[in-house]
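In our numbering, the protein residues as written are 163 to 518. To start, the structure itself, in structure tokens.
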Amino acid sequence: MAQSTQNKQWLTNQDGVGSIHRGESTIPQPGEKEVLVKIHTVSLNYRDTEVCDGGYNHHKSVDAEKKAIVPGSDMCGTVVKAGPGAALKEGQRVLSIFLQTHQTGQVQESDMASGVGLPLEGVLQEYRVFPDNALVTVPDYMSDEEAATLPIAGVTAFMAMNWMQPIGKPITNPETTVLFQGTGGVSIMGLQMAKACGLKAIVTSSSDEKLEKARQLGADYTINYKKFPNWSEKAMEFTKGKGVDIILECGGAQTVRQSFDSIAFGGLISSIGYLSGKQDTESDALNINVLALRRNVTLKGHLNGPKDRFEEMLQLYAQEQIHPVVDKVFSFDGTKDAMQYLAKGGHFGKVVIKIA
Ligand SMILES: NC(=O)c1ccc[n+]([C@@H]2O[C@H](COP(=O)([O-])OP(=O)(O)OC[C@H]3O[C@@H](n4cnc5c(N)ncnc54)[C@H](OP(=O)(O)O)[C@@H]3O)[C@@H](O)[C@H]2O)c1
Numbered sequence: 163m164a165q166s167t168q169n170k171q172w173l174t175n176q177d178g179v180g181s182i183h184r185g186e187s188t189i190p191q192p193g194e195k196e197v198l199v200k201i202h203t204v205s206l207n208y209r210d211t212e213v214c215d216g217g218y219n220h221h222k223s224v225d226a227e228k229k230a231i232v233p234g235s236d237m238c239g240t241v242v243k244a245g246p247g248a249a250l251k252e253g254q255r256v257l258s259i260f261l262q263t264h265q266t267g268q269v270q271e272s273d274m275a276s277g278v279g280l281p282l283e284g285v286l287q288e289y290r291v292f293p294d295n296a297l298v299t300v301p302d303y304m305s306d307e308e309a310a311t312l313p314i315a316g317v318t319a320f321m322a323m324n325w326m327q328p329i330g331k332p333i334t335n336p337e338t339t340v341l342f343q344g345t346g347g348v349s350i351m352g353l354q355m356a357k358a359c360g361l362k363a364i365v366t367s368s369s370d371e372k373l374e375k376a377r378q379l380g381a382d383y384t385i386n387y388k389k390f391p392n393w394s395e396k397a398m399e400f401t402k403g404k405g406v407d408i409i410l411e412c413g414g415a416q417t418v419r420q421s422f423d424s425i426a427f428g429g430l431i432s433s434i435g436y437l438s439g440k441q442d443t444e445s446d447a448l449n450i451n452v453l454a455l456r457r458n459v460t461l462k463g464h465l466n467g468p469k470d471r472f473e474e475m476l477q478l479y480a481q482e483q484i485h486p487v488v489d490k491v492f493s494f495d496g497t498k499d500a501m502q503y504l505a506k507g508g509h510f511g512k513v514v515i516k517i518a
């Protein structure tokens, strides 16, 4: 059990990454069916920088009231105290799940109220209490740094490829081609899983150096989207005119048109992010209806994934002994630098903070 009663935290008033500040609270105590977790590592997501900037406001159901909050959603830690009736025991190594009430099936709007790191308090702190069903256990072979990367980026990438698959049967058809936009957390997690499942992978990036790293991870084809803004032509070339079966659409405004021009007939565009912006410029404007219709496309918005699919994904990681790509590990004191590093987009894979 903890020696000190103080819980060191980072806080944001949602007024800018540069303004995050340190605070302290008393270590909370677990109630019935809750556990107290000592947090070892936290991985950052693009979302965390948005929360700190006050810009995470595109989900109507998230209360955008600008209150001080501990940011951060993804953590790996150890249960140090179990409340009465808790299903987890002291000493178990665990990972947070992003939407705590999303246990199975399609996400519901009401699940948004259980988001860790807005609207609920986040994980950039030494201790946090969790409901016992809002955590998953960690495969032994993974380090704390690697494991912390999985909840948001990993689960989202897994769902983007497998949401239509029955549980326990991820896609393994070697004729399936998946396209990953950029080399951030979601894309690199997706690339590793796709290659472990024997799929073909295309990766786009603004950097030739990062594309070389992607090839080392098994990418079959790479495209520099700065050099080839019409990268759909390259994707069609690689797939011999068929098009890409699944696209992890992380770019948004400036990429979605290229996605519709790269997709195979009957393909899936998994709508995940908006790295190139949330607003169309005039030249980006689309008639989504006709674009979806002309190639019989499924356009599916994703919001992370349920706990049971997270556990399914962990089985795949363990079976294939996948080690998530950690770009850089920062200290707890260096959290502001870590956030700024992530916001600049120079990373490949995930950025992690070591708390303890
Ligand atoms: N819906 C969900 O549940 C969910 C879950 C996780 C993330 N997201 C969203 O998905 C997006 C990706 O998240 P992340 O955590 O992977 O972000 P990240 O790690 O911050 O990704 C940064 C990378 O994105 C790439 N990028 C930037 N602009 C791009 C563009 N125009 N085209 C292609 N790539 C571009 C860059 O790669 P290069 O340097 O290689 O060019 C950059 O390094 C974000 O918008 C995030 O909010 C949504």
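Think of the CB as a built atom: it goes at the ideal place given N, C-alpha and C, for glycine as much as any other residue.
Check                                                                                                                                                            : Outcome
Can you tell which of Lys362, Pro328, Asp215, Gly330 has its C-alpha closest to the C-alpha of Leu341?                                                           : Lys362
Going by the DSSP bridge assignment, what does Ser367 pair with across the sheet?                                                                                : Asn386
List in chain order: all unbroken alpha helix (DSSP H) runs of 4+ residues lying wholly within the stretch 390-421.                                              : 393-400
Can you name, in chain order, every residue of its own chain whose Cβ lies under 6 angstroms from the Cβ of Ile189, other than the five neighbours on each side? : Ala164, Thr167, Asn169, Tyr289
To the nearest angstrom, report how far apart Val418 and Ala505 are at their CA atoms.                                                                           : 22 angstroms
Rounded to whole angstroms, what is the Cα-Cα separation between Met237 and Ile259?                                                                              : 9 angstroms
Once the 5 residues before and after Leu476 are set aside, which same chain residues still bring their CB inside 7 angstroms of it?                              : Val298, Pro301
Out of curiosity, what's the CA-to-CA distance linking Ser433 and Gly463?                                                                                        : 5 angstroms
Report yes if the C-beta distance between Val514 and Ala376 is below 7 angstroms; otherwise report no.                                                           : no
Pick out the complete beta strand (DSSP E) segments inside the stretch 241-318, 3 residues or longer, and give them in chain order.                              : 255-258, 289-293, 297-299
Would you say Leu465 touches ligand 1, meaning its beta carbon is less than 6 angstroms from a heavy atom?                                                       : yes
I want to check one thing, is the minimum distance from the CB of Val488 to the heavy atoms of ligand 1 below 6 angstroms?                                       : no
Would you call Val452 buried or exposed, if buried means 16 or more other Cβ atoms sit within 10 Å of its Cβ?                                                    : exposed
Just reading off the alpha helix (DSSP H) that Arg209 is part of, what are its end residues?                                                                     : 208-215
What residues are listed by DSSP as bridge partners for Arg184?                                                                                                  : Trp172
Could you tell me which of Pro486, Ala244, Ala397, Glu252 sits nearest to Val317, measuring between CA atoms?                                                    : Pro486
So what does Met355 bridge to, in DSSP terms?                                                                                                                    : Looking at the DSSP assignment, Met355 forms no beta bridge with any residue, so it has no partner.
State yes or no: is the C-beta of Tyr383 nearer than 6 angstroms to some heavy atom of ligand 1?                                                                 : no
Between the beta-carbon of Leu173 and the beta-carbon of Val232, is there less than 7 angstroms?                                                                 : yes
Quick one, are the C-beta atoms of Ser205 and Lys512 less than 7 angstroms apart?                                                                                : yes
Which of the three DSSP states, helix, strand or coil, is assigned to Lys498?                                                                                    : helix
In terms of residues, what are the limits of the beta strand (DSSP E) holding Leu341?                                                                            : 339-343
Going by the beta-carbon positions, is the gap between Val406 and Ala415 smaller than 7 angstroms?                                                               : no
Look at Ala381 and Glu482 and say whether their C-beta atoms are less than 7 angstroms apart.                                                                    : no
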